[in-house]
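Protein chains in written order, with my numbering: chain D, 539 to 791; chain X, 539 to 791.
Idealized CB from N, CA, C, for every residue including glycine.
Presented below is the structure to which this report refers.
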C-alpha cells in the first residue's frame, strides 16, 4: 500500500482526494489544511489535520495549494524520506529542493468543486529530481490516470501557458458572446451546439485545419460589418484575433 | 410531399442535402450549381442542374451560396410562387425581396465537407416575409431539427457575430496553443481533455461563472511570467484578453 498525504483544500486537492481514494493500492493517510473546516470533502474526519508539525511519514506528499504559497509552506514542512511534490503548472520543481526527494505531479485539467471529473482521462505531467523518484511517481500516476507524461519544468510552463489560451481565454470568448447575446435578447443556449461541434471537430482535425470564418476567407465586408456592431472593447478583441488569423494563413490584412 | 430545391454546392448545401434527403415528407427535386461537377455529393445525378432557367416549381428554395453572391443570383432567378430562402447569418432577408415569398433558413453550425453532423441538434433560425411563410418554414424545419427558433434579421446578425467569437476565434486560440506546443516539443493532444472539459463545463455552468485562470485570480506574477514567454503577436492577444477578463470581473488592471 502506497501511503499518500494531500496538502490543501481547493479544487485540485478535493479532486485528487476523490480520485486517490478510489484507486487500488493507494491509501490517503492524511489531508492537511490550516483551516480544517475547508476539508469537508474528506469522508474520514480523523485523517484531517491543521497543524503541519503533525504530518506523518508517507511515501508521497501532494501539495495542492496556491502557487504563491508553495515556497513558504515548503520551508515549514519537515519531511524526511517521502517524495514531496506540488501540482502547479507554473511553479518550478526547485521550489521543493530543500527535500531529499521531490518532484511535480501536474494534472492538466480545469477543476470546479462540484463538477465531477473522470480523472482517468486527465493528463498527468510528471517530473522528479531522480529517475528513481520519477519511476515511483509514474507508478502512482498510472493508478489514477491513463494519460501519464514526463514533462520538464520548462515544458510544463509552456503547457500551463497553452492551457490559459485553450481554457481561460476561450471560456472568456464564450462569456463575451453570452453578454452580447443577452444584449440582443437571444438565449446563449442557441450557441451551445456550435461550441460543442467546434471542439468535436478538433478531435479529428488539427485546429489549424479546422479554421473557418470571415477572417479565414478574407471576407472584409463581413469583418467591417461586425466591427461596426461591437463596443470598443469587443472591437479590439475582434480586430486582433482577425489580424492574427489573417497573418497565420497568409491573407492580406 | 414538400418539394425542395437546393442551390449551391458548398459545405452548407451538402449538409442540407443530406439532412433533407433523410427527412420524412420532404423531397429534393433539384440541386442547382453553375459548375455541376461540384454536385458530386448528390446521389441522383438526374436532379442536378447548372442552368438557372431550368429551375422547376417547388415549395421551398434554399440558397446556400457565398454571402456576396446571393443578391446577384437572386436577380437572375425567376421563381413565381415558391418560398425563396437563403441560409446566411449575415445577409439581410431583404436581399430576396424581389420574390413574392421569401425568408431565411439559417443553421448555426460549423460545417466541414467530410464531417457528419447530427442535423437534428443544429439550431435553425427562421425568418419570413409573412406569418404564413414563417409557419410553413417552421413546419419544414421541424422535420430536420429539434431546435427551431424565430429570429429577426438584426438578431441573426448578432448571432452570426457571436458565432465568430465562440467558433472561429476560440478555434484560433486552439491553433495558437498548437503552434506554441510544437515550438516546445509537446504534443497538442495533451491539451485535448482540457479543451473537452472547458466545453462540458459550460453545458452546466454559464461561461461567466466557469471562468478560472491567472487573469480571473488577478495573479500578476503568473501573467508577467507568461507574457515574457510569448512572441510579440501572442503577447498582444494574451494581454488584451487578460485585461478584458480583469475588467469584466472588476479586478485591478
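In the structure shown, residue 581 of chain X adopts coil according to DSSP, grouped into three states. Residue 622 of chain X and residue 634 of chain X have their alpha carbons spaced roughly 7 Å apart. Taking every protein chain shown into account, the CB of residue 581 of chain X has fewer than 16 other CB atoms within 10 angstroms, so this residue is exposed. Using a Cβ-Cβ distance cut-off of 8 Å, the stretch 759-778 of chain X and the stretch 743-763 of chain D are not in contact, since fewer than three pairs of beta carbons, one from each stretch, lie closer than that value. Considering only X:638, X:684, X:701, the residue with the shortest C-alpha distance to residue 670 of chain X is X:638. Residue contact with chain D for residue 764 of chain X: present (Cβ-Cβ distance below 8 Å to some residue of chain D). Separation of residue 542 of chain X and residue 652 of chain X (C-alpha to C-alpha, rounded to the nearest whole angstrom) is 23 Å. Interface annotation, residue 731 of chain X: in contact with chain D, CB-CB separation under 8 Å. Taking the C-beta atoms as reference points, residue 577 of chain D is found no nearer than 8 Å to residue 540 of chain D. Of all residues in the stretch 696-718 of chain X, the ones placed with a Cβ closer than 9 Å to any Cβ belonging to chain D are 696, 697, 698, 699, 700, 701, 702, 703, 704, 705, 706, 707, 708, 709, 710, 711, 712, 713, 714, 715, 716, 717, 718, in chain order. For residue 554 of chain X, the enclosing alpha helix (DSSP H) begins and ends at 549-560. Listed by position along chain D, the residues whose Cβ is nearer than 9 Å to that of residue 674 of chain X form an empty set, because the closest Cβ is around 22 Å away. Here the alpha carbon of residue 686 of chain D sits roughly 10 Å from the alpha carbon of residue 675 of chain D. For residue 752 of chain D, the nearest beta carbon of chain X is closer than 8 Å to its own beta carbon. Rounded to the nearest whole angstrom, the C-alpha separation of residue 572 of chain X and residue 738 of chain X is 42 Å.
Short of 6 Å from the beta carbon of residue 662 of chain X, and not among the five residues preceding or following it, lie these beta carbons of its own chain, in chain order: 645, 679, 683, 686.
Proximity of the stretch 703-712 of chain D to the stretch 708-719 of chain X meets the contact definition, three or more beta-carbon pairs being nearer than 8 Å. Residue 776 of chain D carries a helical assignment under DSSP once its states are collapsed to helix, strand and coil.
Here residue 610 of chain X is exposed, its C-beta having fewer than 16 other C-beta atoms within 10 Å.
The DSSP-derived three-state label of residue 629 of chain D is coil. Across the stretch 587-615 of chain X, CB contacts with chain D closer than 8 Å involve 605, 606, in sequence order along the chain. In the three-state reduction of the DSSP assignment, residue 573 of chain X falls in the coil class. Looking at the DSSP output, residue 770 of chain D bridges to nothing. Ranked by Cα distance from residue 771 of chain D, the first of X:784, X:765, X:768, X:772 is X:784. Rounded to the nearest angstrom, the Cβ distance from residue 709 of chain X to residue 745 of chain D is 5 Å, consistent with a contact under 8 Å.
Counting only Cβ-Cβ distances below 8 Å, residue 740 of chain X has contacts in chain D at 709, 712, 730, 733, in chain order. For residue 734 of chain D, the three-state secondary structure derived from DSSP is helix. Distance from residue 562 of chain X to residue 636 of chain X at the Cβ level is roughly 32 Å; contact not present, criterion being Cβ atoms closer than 8 Å. Of the candidates X:574, X:575, X:600, the residue whose Cα lies closest to the Cα of residue 557 of chain X is X:600. Here DSSP, grouped into helix, strand and coil, assigns residue 720 of chain X to helix. Nearest CB-CB separation between residue 786 of chain D and chain X: below the 8 Å threshold. Our two residues, residue 619 of chain D and residue 594 of chain D, have alpha carbons roughly 11 Å apart in a direct line. Within chain D, no C-beta atom comes nearer than 9 Å to that of residue 682 of chain X; the closest sits roughly 14 Å away.
When only Cα atoms are considered, residue 725 of chain X and residue 760 of chain X end up about 23 Å apart.
With the criterion set as a beta carbon lying under 8 Å from some beta carbon of chain D, the members of the stretch 627-658 of chain X are 628, 646, 647, 648, 650, 653, 655, in sequence order. Take residue 574 of chain D, set aside five residues on each side of it, and the residues of its chain with a beta-carbon closer than 8 Å to its own are 586, 587, 588, in chain order.
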